[in-house]
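Residue numbers (the numbering used here), protein chains in the order written: chain X, 1 to 228; chain Y, 1001 to 1228.
These notes are about the structure you will find just below.
Number of protein chains: 2
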Amino acid sequence: MSPDRNRRPIPDATVSRLPVYLRILGEQRDLGVDSISSDRLAELGGVNAPKVRKDLSYLGSYGTRGVGYEVEYLIFQIQRELGLTHDWPVVIVGAGNLGQALAGYGGFGERGFPVAAIVDVDASKVGSVLGGTRVRPVDELPQIVRSKRINIGVVATPASAAQDAADRLVAAGVTSILNFAPIVLTVPAGIEVRKVDLAVELQILSYYEQRRTGGAAPTARARSASAS
Amino acid sequence: MSPDRNRRPIPDATVSRLPVYLRILGEQRDLGVDSISSDRLAELGGVNAPKVRKDLSYLGSYGTRGVGYEVEYLIFQIQRELGLTHDWPVVIVGAGNLGQALAGYGGFGERGFPVAAIVDVDASKVGSVLGGTRVRPVDELPQIVRSKRINIGVVATPASAAQDAADRLVAAGVTSILNFAPIVLTVPAGIEVRKVDLAVELQILSYYEQRRTGGAAPTARARSASAS
DNA sequence: CGAGCTTTGTGAACGCGTGCACGAGTGCCT
DNA sequence: AGGCACTCGTGCACGCGTTCACAAAGCTCG
Ligand SMILES: NC(=O)c1ccc[n+]([C@@H]2O[C@H](COP(=O)([O-])OP(=O)(O)OC[C@H]3O[C@@H](n4cnc5c(N)ncnc54)[C@H](O)[C@@H]3O)[C@@H](O)[C@H]2O)c1
Ligand SMILES: NC(=O)c1ccc[n+]([C@@H]2O[C@H](COP(=O)([O-])OP(=O)(O)OC[C@H]3O[C@@H](n4cnc5c(N)ncnc54)[C@H](O)[C@@H]3O)[C@@H](O)[C@H]2O)c1
Chain X
1 MSPDRNRRPI PDATVSRLPV YLRILGEQRD LGVDSISSDR LAELGGVNAP KVRKDLSYLG
61 SYGTRGVGYE VEYLIFQIQR ELGLTHDWPV VIVGAGNLGQ ALAGYGGFGE RGFPVAAIVD
121 VDASKVGSVL GGTRVRPVDE LPQIVRSKRI NIGVVATPAS AAQDAADRLV AAGVTSILNF
181 APIVLTVPAG IEVRKVDLAV ELQILSYYEQ RRTGGAAPTA RARSASAS
Chain Y
1001 MSPDRNRRPI PDATVSRLPV YLRILGEQRD LGVDSISSDR LAELGGVNAP KVRKDLSYLG
1061 SYGTRGVGYE VEYLIFQIQR ELGLTHDWPV VIVGAGNLGQ ALAGYGGFGE RGFPVAAIVD
1121 VDASKVGSVL GGTRVRPVDE LPQIVRSKRI NIGVVATPAS AAQDAADRLV AAGVTSILNF
1181 APIVLTVPAG IEVRKVDLAV ELQILSYYEQ RRTGGAAPTA RARSASAS
């Protein structure tokens, strides 16, 4: 283990932007572009040029002054830094509405995150095939995770079952979780959790709308928060 | 109605946490809790107590020292600040895999964001009913947005059509967009855009996985080891 | 071969958000 | 009534991230 090489602390803010650069670079490569400036990359990425340069500088000095960055090489470097030089199989917990949409979506496999397995607690869901993968019982999670060497789990269960799903994933050996349920998961230290909460996103938009219009109502009706 | 009260600039970071507090408060209320401390709220929300207090202080001084916050009243205040005292109808553009899952999901309506309309460019999709809403042609967007007073649009089309979808939404009068397509949308100033990119989330998880394991491959494939 | 243009890489200043500590206000109990 | 325990509200310092400006480096062309 070389503590110097892998211990480079890339700021979180930069890590969250690298995937965006990566996707743009891939598109540009497919368009035949083999060199790109920080200016252009910034324009396509919706950020400013100095930020792009600083972000990329954390990877090393892979640009050429007066020219720009070699697209193909930069793609490789970002992939290497993000750990995308190999596939990361994922397991989806919950074969409901959302789980089915995710399983049927090919975009994950294309980006290196093949859906290696789907599990559900509902016996009537087990056995059906979604996106080429058969739904299996949730009890088989430990064997599935071990045999397929899965590190990343996706929680797509109702909120009431999400903590249970997360506990099972952790117990099975998963170390990263992407959570779609609208609750805060409690996990042991060392387990990485990211959440995607669509209602939160809409509520943030609502704030700015309300701010802009000064509170003018599009629909005249009161609401109250509810939970199960 | 407060005249100049609406011009208080709440930090973005706080705005993104308020929906989390709101959901927790709703759950606690349903559990019969009528008063809550910043400590408890912090615990449930996965943050620390001073942050909760500072966040809530932007709304005003609605707590009682020595006691805590009155749940019901705090819910009302957060809803007011976020503009959730009335419904915000949304329109979904793209009735595909994801659009159908979103339409069939009741969670939006419950939280004040009813799916008022779904549009698609594909004639074969038009006319079908998803989650109680009939899919309509994308050309009718202007009339739909105007007649139903819609401010928020959801882009659920393939990436190649996302910019077109956004342009149509903006032209129709929508001022906030939630984008699920993995591209950076270009919109006029004053239009608020938030994106939800699942692949990006997975790639961020991948980074931390790779960092933790030092690059060891879970899948025995493409093990082009990193030399020193 | 050197002048001039282009673009990267980065040190430094700035600003925002976070964490901390503590004063101030409130309720309860004796 | 007074003391005590509790919790909010907030001023302040710190750290991270963003932004700027500029020197260093490379390319082109006369
Ligand atoms: N559908 C959407 O568009 C959408 C949008 C935003 C958020 N969400 C969130 O995603 C989650 C799933 O939504 P959905 O619409 O797919 O719900 P769903 O009810 O359609 O599906 C949930 C599935 O999880 C399974 N399940 C329940 N408990 C389980 C457990 N302990 N272990 C394993 N599986 C279990 C159920 O059998 C069911 O198949 C919810 O938390 C929801 O809030 C969904
Ligand atoms: N399905 C998922 O689970 C998932 C997950 C992550 C991201 N996404 C993203 O969400 C988007 C939609 O994914 P999907 O799986 O639903 O795709 P899809 O192909 O199933 O559906 C896209 C729909 O958009 C319609 N459409 C195309 N161009 C349009 C236009 N100009 N105006 C209006 N409608 C138009 C199509 O007719 C189709 O019905 C994609 O950008 C995808 O990357 C999907």
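Glycine included, each C-beta is placed from N, C-alpha and C at the ideal position.
Treat the numbers as computed from the prediction; the structure is a model and nothing was measured.
Tell me whether Ser228 of chain X is buried or exposed, calling it buried when 16 or more other Cβ atoms sit within 10 Å of its Cβ.
Because Ser228 of chain X sits at a pLDDT of 36, beneath the cut-off of 50, its placement in the model cannot be relied upon, and the following sentence gives the value as read from the coordinates. By the Cβ-count criterion, Ser228 of chain X is exposed, with fewer than 16 other Cβ atoms from all chains shown falling within 10 Å of its own Cβ.
Can you check the stretch 106-144 of chain X for any alpha helix (DSSP H) of at least 4 residues that lies completely inside it and give the ranges in chain order?
Counting only runs that start and end inside the stretch 106-144 of chain X, the alpha helix (DSSP H) elements of at least 4 residues fall at 107-110.
Chain X contacts from the stretch 1143-1156 of chain Y (Cβ-Cβ distance under 9 Å)
If you check each beta-carbon in the stretch 1143-1156 of chain Y against every beta-carbon of chain X, the ones closer than 9 Å belong to Lys1148, Arg1149, Ile1150, Asn1151, Ile1152 and Val1154.
Three or more beta-carbon pairs under 8 Å between the stretch 44-57 of chain X and the stretch 93-109 of chain X, yes or no?
Using a C-beta cut-off of 8 Å, the stretch 44-57 of chain X makes no contact with the stretch 93-109 of chain X, since fewer than three inter-stretch Cβ pairs fall below that distance.
Does any CB atom of chain Y fall closer than 7 Å to the CB of Glu43 of chain X?
Look at Glu43 of chain X: its C-beta is not under 7 Å from any C-beta on chain Y.
Could you confirm whether any beta carbon from chain X is found closer than 7 Å to the beta carbon of Ala1101 of chain Y?
Closer than 7 Å to some Cβ of chain X, the Cβ of Ala1101 of chain Y qualifies, so yes.
Measure the beta-carbon distance from Ala171 of chain X to Val155 of chain X and round it to whole angstroms, keeping in mind my assumption that it falls under 8 Å.
Not a contact, Cβ separation roughly 14 Å.
Looking at Val196 of chain X and ligand 2, is the gap between the Cβ and the nearest heavy atom below 6 Å?
Val196 of chain X: no, Cβ never under 6 Å from ligand 2.
Do you know whose CA, among X:Gly107, X:Val121 and X:Ala162, lies nearest Phe1180 of chain Y's CA?
Put simply, of X:Gly107, X:Val121 and X:Ala162 the residue whose alpha carbon is nearest the alpha carbon of Phe1180 of chain Y is X:Gly107.
From Ser1035 of chain Y to Val187 of chain X, what distance separates their C-alpha atoms?
Between the alpha carbons of Ser1035 of chain Y and Val187 of chain X lies a distance of about 27 Å.
Limits of the unbroken beta strand (DSSP E) element including Ile177 of chain X:
Residues Ser176 to Asn179.
Neighbour flag for Ala1165 of chain Y against chain X, beta carbons, 7 Å:
Interface residue (Cβ-Cβ distance to chain X less than 7 Å): Ala1165 of chain Y is not classified as such.
Using 10 angstroms around the beta-carbon of Asp12 of chain X, count the other beta-carbons present and answer buried if the total reaches 16, otherwise exposed.
With fewer than 16 Cβ atoms within 10 Å of its Cβ, Asp12 of chain X is classed as exposed.
Nearest to Gln28 of chain X by alpha carbon, out of X:Leu56, X:Tyr73, X:Tyr62 and X:Arg17?
With distances taken between Cα atoms, Gln28 of chain X lies closest to X:Tyr73.
Using beta carbons (cut-off 7 Å, strictly below), is Gln1210 of chain Y in contact with chain X?
Chain X contact via Cβ: present.
Just grab the DSSP bridge partners of Tyr69 of chain X for me.
The beta-bridge partner set that DSSP reports for Tyr69 of chain X consists of X:Ile36 and X:Gly63.
Reducing DSSP to helix, strand and coil, say where Arg194 of chain X ends up.
Arg194 of chain X falls in the strand class under three-state DSSP.
Assign Gly127 of chain X to one of two classes, buried (16 or more other C-beta atoms within 10 Å of its C-beta) or exposed (fewer than that).
The residue in question, Gly127 of chain X, is exposed, as its Cβ has fewer than 16 Cβ neighbours within 10 Å.
If you draw a straight line from the C-alpha of Val1033 of chain Y to the C-alpha of Val1071 of chain Y, how long is it?
Going by the C-alpha atoms only, they are around 7 Å apart.
Which residues in the same chain have their Cβ closer than 6 Å to the Cβ of Val135 of chain X, if we skip the five residues on either side of it in sequence?
Excluding sequence positions up to five before and after Val135 of chain X, its CB lies within less than 6 Å of the CB of Ala95, Ile118, Asp120, Lys125, Val126 and Ser128, all in the same chain and listed in chain order.
Who are the near neighbours of Leu98 of chain X in its chain, counting only those whose CB is closer than 7 Å to its CB and skipping five residues on each side?
If we look at Leu98 of chain X and ignore the five residues flanking it on each side, its Cβ neighbours are Ala156 and Phe180.
At 7 Å on the CB atoms, spell out the chain Y contacts of Gly83 of chain X, in chain order.
Within chain Y, the residues near Gly83 of chain X are Ser1206, Tyr1207, Glu1209, Gln1210 and Gly1215.
Out of X:Tyr62, X:Gln77, X:Glu110 and X:Val67, state which residue places its alpha-carbon closest to the alpha-carbon of Arg40 of chain X.
Of the listed residues, the one whose Cα sits closest to Arg40 of chain X is X:Val67.
CB contact check: Phe180 of chain X to chain Y, cutoff 7 Å
By this cut-off, Phe180 of chain X is not an interface position.
In this structure, does DSSP put Val155 of chain X in helix, strand or coil?
Strand.
Would you mind giving the Cβ-Cβ distance between Val90 of chain X and Ile152 of chain X, rounded to the nearest angstrom? I have them listed as a contact below 8 Å.
Indeed they touch by this definition, with Cβ atoms about 5 Å apart.
Drop a sphere of 10 angstroms on the beta-carbon of Gly1063 of chain Y, count the other beta-carbons inside from all chains shown, and report buried for 16 or more, exposed for fewer.
Buried, since its Cβ has 16 or more Cβ neighbours within 10 Å.
Pick helix, strand or coil for Arg211 of chain X, following the three-state DSSP scheme.
In this structure, Arg211 of chain X counts as helix in the three-state DSSP scheme.
Residues, ordered as in the chain, of the stretch 186-207 of chain X that lie near chain Y by beta-carbon distance below 7 Å:
Those would be Glu192, Arg194, Val196, Leu198, Ala199, Val200, Glu201, Leu202, Gln203, Ile204, Leu205, Ser206 and Tyr207, in chain order.
Could one say the Cβ of Arg111 of chain X lies closer than 7 Å to chain Y's Cβ atoms, at least one of them?
Taking CB atoms only, Arg111 of chain X has a neighbour in chain Y less than 7 Å away.
Answer yes or no: does any C-beta atom of chain X fall closer than 7 Å to that of Tyr1062 of chain Y?
By this cut-off, Tyr1062 of chain Y is not an interface position.
With burial defined as no fewer than 16 other Cβ atoms inside 10 Å of the residue's Cβ, what is the status of Arg1211 of chain Y: buried or exposed?
When all chains shown are included, Arg1211 of chain Y counts as buried.
Should Tyr69 of chain X and Ile10 of chain X be called a contact, given that it needs their Cβ atoms to be closer than 7 Å?
Contact: no.
To the nearest angstrom, how far is it from the Cα of Trp988 of chain Y to the Cα of Glu209 of chain X?
Because chain Y in this structure spans residues 1001 to 1228, residue 988 of chain Y falls outside the shown range and cannot be described.
Cutoff 7 Å: Ser124 of chain X Cβ touching any chain Y Cβ:
For Ser124 of chain X, no CB of chain Y lies under 7 Å from its own CB, so it is not counted at the interface with that chain.
From Gly1026 of chain Y to Asp1167 of chain Y, what does the alpha carbon distance come to, in whole angstroms?
Separation of Gly1026 of chain Y and Asp1167 of chain Y (C-alpha to C-alpha, rounded to the nearest whole angstrom) is 36 Å.
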